[in-house]
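Residue numbers (this note's numbering), protein chains in the order written: chain A, 1445 to 1968; chain B, 1445 to 1968.
This is how it looks when you write it as structure tokens:
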């Protein structure tokens, strides 16, 4: 019954095309459902055409596609403040769900939320040498408060290690005060030169966790635990497959002993560092003199970690799952999981039934909404697809007559006819299947784009011709990283994975004995 | 069985005093349960004594009591950044619940969450005359970004009307784009001279809602709707009775046509303005040129509102419900609603049973925790009381033998013996009763402290001798407000309530014809 050009007699006998085709050519349905005057009709048609054509094809120009979908899905926008974004309702709602899901995972591991000040006095920022070198060039400075110049200028936090350490140095005294496992959801500011929605902006939203522990081992364990929390969250809730591992020294966080990372491959084969977990040893603790009296009456240093994940991750969702019709949200993170779209809604009983369905879906715990506007069904379908709502339920007079609805999956466009009596039970299975298949597809896509190189010639060839990641052996020296970056036009080390493979005996670059296998790639 | 000096044979035959008495004199139980060495024992005793005596009596010195409970309950602390607070886990957890409950209420009325930048370019702040006059003297200025001086300095947002208006002026075009009903949860910064935990600090956390509408009436309605949302939230979830009404011109928000407020009475009789809802008419819209093309093809101004509630509200919870043993959290907002405290936990089976109980409570949906530390029961009770957990469940070998537990209410200290089989069912009723009685008690307390004045002599006498609010008639002129403030040592108008009473024909101050009845009081 539902072929590629399935007909809905419900829509007054008019056969309209599948959304994908509609998106390219067909604005006809507008005529059938538009109930405003002629002038408005023209405007709407022009607008629909605009909506339809406003997204550049992914294969044609990936960067432009990204900008287009962010704009058309109304996720965020540029503000009058250079380099700072407006997170619009559709974009912020995704972040709210990220917060909710990730925060619950944090709390399961004993994390407590706090809030520390926005401002950092200059002397605090300067206490840890590597840290200040890393961040001082990119902070914004407050020099006046009210009408008065400040005695000491303060920067807007680019990250808050210094504030947490300063506070703990004043309040932690005994082993009984340990560990502290704190986190805050906030915004930070770094004076970036170039900005892109979600991926890089001067101010961005994130969470930053900071912990101190009595022992080296406990702190190291926390670093790795949080890496696994990120991994589970991103893979399970966002359906994004990850590579995880340790960063090389040159890619480490300023002041860290070790930085662990989760790395995702975008549709264009580039990497997005999607979250990091840092182990500081007692470097910061010593700089800030955080000592505790242990059970043996000895004063000892604490060991510290920090870990963060930001609104960048929304960029990853877009660039892993999106298509030429817009974004595709994994059901578990989608602010709206299902949209009810009445077809031929002017016909008697349709809106009532559609609203009944909406209530039933909500009562069953789905995040659901309805599009009852005067727009054409085709227009409504396009909108639902652009904003990436995982499923829509089409319901028209014929459907109602047969006591059924049509569920359409956003990712595959698969149409599933479901009895109205069973829809609240069956939708969950459809969403879970979609979630799983989105992950599987992304994983296949990524795995097909992980290559191996044992010589620089191979590496350069891959970098130029095969978008994706490259596995290659490395001697451990920074000089080789630099050279690889230069010779390949920007390929950097992404991580040293825990699961090592022995590809060859020697470094891909210098030919000296290899120390580890590294994932390499161009990165956002 | 449970008199004022109820015994727990479970605690090894030792009879310990009720917590209130314990808090004053008794540190003896420490000896019985402390299992560490002699030196540690002494330390613990000294510490318990410190804990016990560290809260000044409310009646003796209310301001000191407030500072003491904030510190001892570990809600927040001062930071190295002058005037900025550290929100510690116990304090931030309350704010998280405020956010959760209030945000759900917002969303029921169609509010969408967004996030706008932290920085405001100076030219934007200056667009609305009254607004800039009100805020420019108390903002912090960013003058350098990275290593470079900025071409135009920017302030850290003291509030974000200007940013919302600027964005809408660029994006709103037609009546179809209206209304916008947006809100953000964020921090703002105002360069205050004096600061007090939660009540006044340079940086504070809040939500700020901003809306624009096609008509005057719709905007006015939104202003009043949000006032009612605040009222319902604070009265129902925080158990704080409110007076609501309109602010006089001198107490209005900078740039508003009308400001509506919710006002609560603290234990010392002073008022705390706990949330405000502003109606702007089209003042900001005109300053920022936010115009939309209406259905009739005319360009029209939008009408605007904004509304906010901040971490101040935590100060209200403390000062309305707290007592000499610490804070008392209303069950609906409490991060932990019930704490299981095992008594004689070293005896066989006690910890197992206590943990079983904890699991059952959590499974039933209660926010529950357990105190399994080596501290004495008396110490644990004191701690639970200081942090204001609404109920504790005491469970010891004798209780277990009788298949029962003892629930103790934080507010009344009432002890309720409940069968272990029924505890998960019955606790909810206990918490709901407590919530209701907390509100009722606070309302009686407040109503007993609302006085009437028809002459200045009465007003001055009340201001000096009767902490509380004063109802008095007012002519509507600012001069009288100033004079009242001077003559009474700081009494200001709190609000003009919707429900008016006719107390006399003339203004309490100047004797000219009265226009409205006003609530007056000293305020935080």
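Where a beta carbon is used, it is the ideal one built from N, C-alpha and C, also for glycine. These figures come from a predicted structure and were not determined experimentally.
* Own chain partners of residue 1477/A with C-beta closer than 6 angstroms, once the 5 adjacent residues on each side are dropped -> In the first chain, residue 1477/A corresponds to position 33, counting from 1. Bear in mind that a pLDDT of 30 at residue 1477/A, under 50, signals an unreliable position, so the number given afterwards is only what the model happens to contain. So the list reads 1820, once near-sequence residues are dropped.
* To do: Taking only the alpha-carbon atoms, compute the straight-line gap between residue 1957/B and residue 1532/B and give it to the nearest angstrom.
  => For the purposes of this step, residue 1957/B is taken as the residue at position 513 of the second chain. For the purposes of this step, residue 1532/B is taken as the residue at position 88 of the second chain. The straight-line gap from Cα to Cα measures roughly 52 angstroms.
* Asked: Would the stretch 1518–1529 of chain A and the stretch 1639–1647 of chain A be scored as touching if the rule is three or more Cβ pairs under 8 angstroms?
  -> yes
* What's the gap between the Cα of residue 1549/A and the Cα of residue 1929/B? -> Position 105 of the first chain, counted from the first residue, corresponds to residue 1549/A. Position 485 of the second chain, counted from the first residue, corresponds to residue 1929/B. Their backbone Cα atoms lie some 52 angstroms apart in a straight line.
* Decide if the stretch 1686–1693 of chain A is in contact with the stretch 1872–1887 of chain A; the criterion is three or more beta carbon pairs, one per stretch, under 8 angstroms apart. => no
* **Segment contact flag, the stretch 1651–1667 of chain A with the stretch 1864–1882 of chain A, C-beta cutoff 8 angstroms, min 3 pairs** => no
* Check whether the Cβ atoms of residue 1906/B and residue 1916/B sit closer than 7 angstroms, and answer yes or no. => In the second chain, counting from the first residue as 1, residue 1906/B sits at position 462. In the second chain, counting from the first residue as 1, residue 1916/B sits at position 472. In this structure, residue 1916/B does not lie closer than 7 angstroms to residue 1906/B by Cβ.
* **Between the CA atoms of residue 1777/B and residue 1810/B - distance to the nearest angstrom** => As a working mapping, residue 1810/B is identified with position 366 in the second chain. As a working mapping, residue 1777/B is identified with position 333 in the second chain. Each residue's alpha carbon lies about 12 angstroms from the other.
* Interface residues of chain B around residue 1610/A at Cβ under 7 angstroms? -> Here residue 1610/A corresponds to residue number 166 of the first chain, with the count starting at 1. In chain order: 1524.
* **Limits of the alpha helix (DSSP H) - the one that residue 1662/A falls within** => Position 218 of the first chain, counted from the start, is the residue given in the question as residue 1662/A. DSSP places residue 1662/A inside the alpha helix (DSSP H), whose first and last residues are 1660–1676.
* To do: Please decide whether residue 1533/B counts as near chain A, where near means a Cβ-Cβ distance under 7 angstroms.
  => Counting from 1 along the second chain, the entry for residue 1533/B is found at position 89. By the rule that beta-carbons nearer than 7 angstroms mark a contact, residue 1533/B touches chain A.
* Asked: Does any CB atom of chain B fall closer than 7 angstroms to the CB of residue 1751/A?
  -> Here residue 1751/A refers to the residue found at position 307 when the first chain is read from its first residue. Not an interface residue.
* To do: Give the single residue among 1722/A, 1614/A and 1766/A whose Cα lies nearest to the Cα of residue 1710/A.
  => If you number the first chain from 1, residue 1710/A lands on position 266. Of the listed residues, the one whose Cα sits closest to residue 1710/A is 1766/A.
* **Cα-Cα separation, residue 1559/A to residue 1674/B** => The count along the first chain starts at 1 and reaches residue 1559/A at position 115. The count along the second chain starts at 1 and reaches residue 1674/B at position 230. Taking the straight line joining both Cα atoms gives about 23 angstroms.
* Using 7 angstroms as the limit for Cβ to Cβ distance, is residue 1586/A near chain B? -> As a position in the first chain, residue 1586/A is number 142, starting the count at 1. Under the 7 angstroms criterion on CB atoms, residue 1586/A is classed as interfacial with respect to chain B.
* At a cut of 8 angstroms, does the stretch 1563–1575 of chain B reach the stretch 1781–1792 of chain B through at least three beta carbon pairs? -> The count of Cβ pairs closer than 8 angstroms, one atom from the stretch 1563–1575 of chain B and one from the stretch 1781–1792 of chain B, stays below three, leaving the stretches out of contact.
* **Partners in chain A for residue 1600/B, counting only beta-carbon separations shorter than 9 angstroms** => Position 156 of the second chain, counted from the start, is the residue given in the question as residue 1600/B. Here the neighbours are 1562, 1563, 1586 and 1600.
* Which first and last residues belong to the beta strand (DSSP E) in which residue 1654/B is found? -> On the second chain, position 210 is the one that residue 1654/B refers to. Unbroken beta strand (DSSP E) run through residue 1654/B: 1647–1657.
* **Limits of the unbroken beta strand (DSSP E) element including residue 1599/B** => Mapped onto the second chain, residue 1599/B falls at position 155. Taken as a continuous stretch (DSSP letters only), the beta strand (DSSP E) holding residue 1599/B covers 1592–1600.
* **Beta-carbon proximity list for residue 1861/B, same chain, < 7 angstroms, skipping 5 on both sides** => As a first step, residue 1861/B must be located in the second chain, where it is residue number 417. Sequence-distant partners of residue 1861/B (beyond 5 residues in either direction) whose C-beta falls short of 7 angstroms from its own C-beta, in its chain, are 1848 and 1850.
* What residues are listed by DSSP as bridge partners for residue 1736/B? -> On the second chain, residue 1736/B is found 292 positions in, with the first residue counted as 1. Answer by DSSP bridge pairing, in chain order: 1744/B.
* Among 1914/B, 1622/B, 1678/B and 1504/B, which one has its Cα closest to the Cα of residue 1545/B? -> Here residue 1545/B corresponds to residue number 101 of the second chain, with the count starting at 1. Among 1914/B, 1622/B, 1678/B and 1504/B, the Cα nearest to that of residue 1545/B is on 1678/B.
* Asked: For residue 1960/A, which of helix, strand or coil comes out of DSSP?
  -> As a first step, residue 1960/A must be located in the first chain, where it is residue number 516. Strand.
* Below-7 angstroms beta-carbon distance, residue 1757/A vs any chain B residue -> Here residue 1757/A is taken as the residue at index 313 of the first chain, counted from 1. It does not; no Cβ of chain B falls within 7 angstroms.
* In whole angstroms, what is the alpha-carbon distance linking residue 1733/B and residue 1539/A? -> For the purposes of this step, residue 1733/B is identified with residue 289 of the second chain, where counting begins at 1. For the purposes of this step, residue 1539/A is identified with residue 95 of the first chain, where counting begins at 1. The alpha-carbon atoms of residue 1733/B and residue 1539/A are separated by roughly 31 angstroms.
* **Best match in 1561/A, 1562/A, 1802/A and 1832/A for proximity to residue 1761/A [C-alpha to C-alpha]** => Counting from one through the first chain, the residue named residue 1761/A turns up at place 317. Here the closest residue by C-alpha is 1832/A.
* Asked: If you compare alpha carbons, which of 1730/B, 1882/B, 1918/B and 1797/B is closest to residue 1846/B?
  -> As a first step, residue 1846/B must be located in the second chain, where it is residue number 402. Residue 1846/B has its Cα closest to that of 1797/B, out of 1730/B, 1882/B, 1918/B and 1797/B.
* Going by beta carbon distance, what residues of the same chain come within less than 6 angstroms of residue 1893/B, once the five residues before and after it are set aside? -> The sequence position of residue 1893/B within the second chain is 449, counting from 1. The answer, listed in chain order, is 1713 and 1912.
* **Stretch-stretch touch, CB-based, cutoff 8 angstroms, three pairs: the stretch 1936–1945 of chain A with the stretch 1691–1706 of chain A** => yes
* **Same chain, Cβ closer than 6 angstroms to residue 1506/B, five either side skipped, listed in chain order** => Against the second chain, residue 1506/B aligns to sequence position 62. Same-chain partners within the cutoff: 1712.
* Using a Cβ-Cβ distance under 7 angstroms, would residue 1641/A count as near chain B? -> Mapped onto the first chain, residue 1641/A falls at position 197. Answer no: the Cβ-Cβ gap between residue 1641/A and chain B never drops below 7 angstroms.
* Which chain B residues sit within Cβ distance under 8 angstroms of residue 1537/A? -> Along the first chain, one-based indexing puts residue 1537/A at 93. Close partners of residue 1537/A in chain B (Cβ separation under 8 angstroms): 1556 and 1557.
* Asked: Out of 1508/A, 1588/A, 1729/A and 1634/A, which has the shortest C-alpha to C-alpha gap to residue 1561/B?
  -> Translated into the one-based positions of the second chain, residue 1561/B becomes position 117. Measuring from the Cα of residue 1561/B, the nearest candidate turns out to be 1634/A.
* Look at the alpha carbon of residue 1680/A and the alpha carbon of residue 1814/A, and state the distance between them as a whole number of angstroms. => On the first chain, position 236 is the one that residue 1680/A refers to. On the first chain, position 370 is the one that residue 1814/A refers to. About 27 angstroms.
* Asked: If you count every other CB in all the chains shown that lies within 10 Å of the CB of residue 1855/A, and 16 or more means buried, which is it?
  -> Taking the first chain and counting its residues from 1, one reaches residue 1855/A at position 411. By the 10 Å Cβ count, residue 1855/A comes out buried.
* Please list the partners that residue 1633/B has in chain A, where partner means a Cβ-to-Cβ separation under 7 angstroms. => As a position in the second chain, residue 1633/B is number 189, starting the count at 1. Here the neighbours are 1562.
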